[in-house]
Amino acid sequence: MSSLVQSVDWLAIAPPTIAAVVGLVVLVADLFVSEARKPLLGWLSVAGLTTATLMLLPLLDADRSTFCLVGDEGVCSYTADRFTLVIQFLVLGGALLAALLSVTALKDEGKRLPAGEYWFLFLSSAAGAALLPASRDLATLVVALEVASLPAFALVGLRHGDRKSSEAALKFFLSSVTATAVSLLGISFVYAATGTLHLTLVAERIQNVDGQLHTLTQTGVVLTLIGFAFKTAAVPFHFWVPDTYVGAPLPIAAYLSVIGKAVGFSGLILVTVVALPSYADVWGPALAVLAALTMTVGNVGALRQQATRAYSAVRLLAWSSVGQAGYLLVPIAAAAYSGDAEKSIGSTVAYALMYGAVNLGAFAVAALVGRAHRLNRVADYRGLYASSPLTALLLGFFLLCLAGLPPGIIGLFAKVTVFSAAVDAGLGWLAVVMAVNVVIALVYYLQWTALLFRAPEGEPVKHRLPAPLTAALALTGVLGIALSGAPQLVLRFTGTGLF
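Residues in the sequence shown are numbered consecutively from 272, following my numbering.
Structure follows, in structure tokens:
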């Protein structure tokens with residue numbers, strides 16, 4: 272008789288577990304730490320995220336799985352393969368950079384942001400985000416998605432006495448809860464048709480569904496896709512993004528722009544390519560249309576931002592992130608038509624890594640400028656080179672990376688990779704739409720870049736660089752420059768291992 276007691280591979284689950292445990296430690300420590308020592312909670316969180324990220328290194332050698340079905344070791348709920356590790360690196364590394372921004376933000380905000388609650392929610396969300404790419408059944412996937420999302424609602428609205436923050440949190444909450452409800456309904460339909468939640472078993476059984484359940488299955492697939500489209504901020508489910516980014520503390524906006532995207536897209540990849548490959552004729556065209564709409568609306572929205580409008584810098588980055596989500600959707604759509612789905616998914620993961628590094632860098636500069644200019648307008652960046660030459664050069668580099676122009680070679684490389692994925696899959700029309708959008712994006716990225724080097728109006732404002740902000744800028748800058756020097760390393764690193 273086989274034992275029903277499962278052995279747990281603690282090394283495999285170490286990265287998300289460490290983030291969760293440190294979050295609980297911070298919550299308890301907050302009860303005993305005096306107000307003057309609250310900053311120590313931030314540095315404890317940074318140390319915890321650093322440790323969780325480093326725990327990915329021992330997992331590089333081989334695929335590891337745990338929480339497997341008794342009697343079938345090949346069907347597991349948690350798998351640490353190459354795809355998992357790359358996304359976990361993006362999530363935990365991105366959370367670490369956002370944590371460094373948060374240390375300074377909490378100090379500047381004073382008692383408006385309670386440190387203990389902030390760090391507990393932040394680490395809880397990071398733990399859920401790190402769990403999601405390793406999930407290989409629909410129940411674990413949904414739980415991870417909600418563990419990542421629920422603390423994020425609270426983080427957006429955590430600033431005491433800020434109406435704008437509360438409104439942003441409510442809009443984010445309502446849209447995300449709607450997405451979850453739609454996803455759960457779709458997943459329940461898929462489960463009713465297949466009798467299993469494990470992704471690989473769903474892929475096998477959904478091909479042989481009884482004819483009477485065919486409509487139910489198709490409806491389940493469509494509803495599941497709609498739910499994840501909300502999570503990825505794909506058009507027309509993007510309406511919460513600009514207001515949420517403006518209302519949230521800036522480090523949380525940075526966190527959502529990268530880690531939120533990683534969570535949504537990794538979940539979308541697992542559901543479509545792993546669980547529902549036989550329904551590629553349903554989700555392929557749908558994602559292709561969503562990609563075209565998302566990149567177009569996002570870039571046009573960013574182009575319409577007025578430099579003198581309050582919070583226009585954050586709004587521009589928010590609309591830009593919607594546009595970038597469109598590019599990220601292209602290779603996933605291409606996987607439905609391509610003979611090499613793994614290569615297509617590798618293109619999305621490679622683009623996500625590039626986008627994560629440079630977008631967090633741009634938000635780090637926005638956090639620095641926002642300390643002196645509370646309204647954080649694009650116009651406030653005029654003449655930044657005169658007061659902070661290195662910071663201006665870094666922001667210019669990050670914006671050129673996002674635009675895909677030299678010297679931001681990694682941005683150009685990532686866009687060419689995504690473009691070639693569309694062409695190889697026979698999606699020529701989508702490649703044309705992408706090319707047009709890249710040109711549109713050049714306008715607002717270059718306008719902002721040029722503004723950095725114009726003569727300042729009045730006396731240049733000196734920006735004092737705190738140590739955590741310096742570390743975040745240095746890490747993103749070094750990463751962006753190193754990857755621009757050897758962009759081929761990204762594709763070699765992002766072999767997904769999903770197949």
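Glycine residues also receive a C-beta, built at the ideal position from the N, C-alpha and C atoms.
| Query | Result |
| --- | --- |
| Where residue 351 sits in the DSSP three-state scheme | strand |
| Element boundaries [alpha helix (DSSP H), containing residue 508] | Premise fails: residue 508 is in no alpha helix (DSSP H) and is neither H nor E. |
| C-beta neighbour in chain B for residue 372, strict 8 angstroms | No chain B is part of this structure, which consists of one protein chain only. |
| The segment 417-432 touching the segment 378-396, judged by at least three CB pairs closer than 8 angstroms | yes |
| Burial state of residue 283 (16 or more Cβ within 10 Å) | buried |
| Proximity below 8 angstroms, CB of residue 403 to CB of residue 412 | yes |
| Per DSSP, cross-strand counterpart(s) of residue 408 | 469 |
| Reduced DSSP secondary structure (H/G/I, E/B, other) of residue 430 | coil |
| Per-residue burial, residue 509 [other beta carbons within 10 Å of its own, 16 or more giving buried] | buried |
| Distance, residue 335 Cα to residue 280 Cα | 8 angstroms |
| Opening and closing residue of the alpha helix (DSSP H) in which residue 545 lies | First-last for residue 545: undefined, no H or E at that position. |
| Whole-number beta carbon distance between residue 569 and residue 590, since they are thought to touch under 8 angstroms | 5 angstroms |
| As assigned by DSSP and simplified to three states, the class of residue 256 | Outside the shown range of the chain, which is 272 to 770, sits residue 256, and nothing can be said about it. |
| Proximal residues to residue 382 (C-beta, below 8 angstroms), its chain only, five neighbours per side dropped | 431 |
| Bridge-paired residues (DSSP) for residue 335 | 351 |
| Inter-stretch contact at 8 angstroms, needing at least 3 Cβ pairs: the segment 434-449 / the segment 475-482 | no |
| The segment 696-704 in contact with the segment 644-659 per 3-pair CB rule at 8 angstroms | no |
| Cβ-Cβ distance between residue 371 and residue 317 below 8 angstroms | yes |
| Exposed unless 16 or more other CB atoms sit within 10 angstroms - verdict on residue 308 | exposed |
| CA-to-CA distance, residue 470 to residue 645, given in whole angstroms | 47 angstroms |
| CB of residue 499 within 8 angstroms of CB of residue 449, strictly | no |
| Per-residue burial, residue 756 [other beta carbons within 10 Å of its own, 16 or more giving buried] | exposed |
| Between the CA atoms of residue 493 and residue 605 - distance to the nearest angstrom | 18 angstroms |
| Residue 529 and residue 630 closer than 8 angstroms at C-beta | yes |
| DSSP three-state assignment for residue 770, whether helix, strand or coil | The pLDDT assigned to residue 770 is 48, lower than 50, so where the model puts this residue is not dependable; a value taken from the coordinates is nonetheless given after this. Residue state, collapsed to three classes: coil. |
| Alpha-carbon spacing of residue 273 relative to residue 291, whole angstroms | Note that residue 273 has pLDDT 46, beneath the 50 cutoff, so the model's placement of it is unreliable and no number is given. |
| Identity of the residue in 634, 314, 619, 376 nearest residue 587 by Cα | 634 |
| Residue ranges of each alpha helix (DSSP H) within the segment 578-632, 4 or longer | 583-606 |
| Helix, strand or coil at residue 728 according to DSSP, with G and I counted as helix | coil |
| With 16 other Cβ atoms within 10 Å as the buried cut-off, status of residue 673 | buried |
| Rounded straight-line distance, which links the Cα of residue 333 to that of residue 323 | 18 angstroms |
| Three-state class that DSSP yields for residue 281 in the structure shown | coil |
| Distance CB(residue 748)-CB(residue 361) smaller than 8 angstroms | no |
| Where residue 481 sits in the DSSP three-state scheme | coil |
| Burial state of residue 541, where buried means 16 or more other Cβ atoms lie within 10 Å | buried |
| Reduced DSSP secondary structure (H/G/I, E/B, other) of residue 326 | coil |
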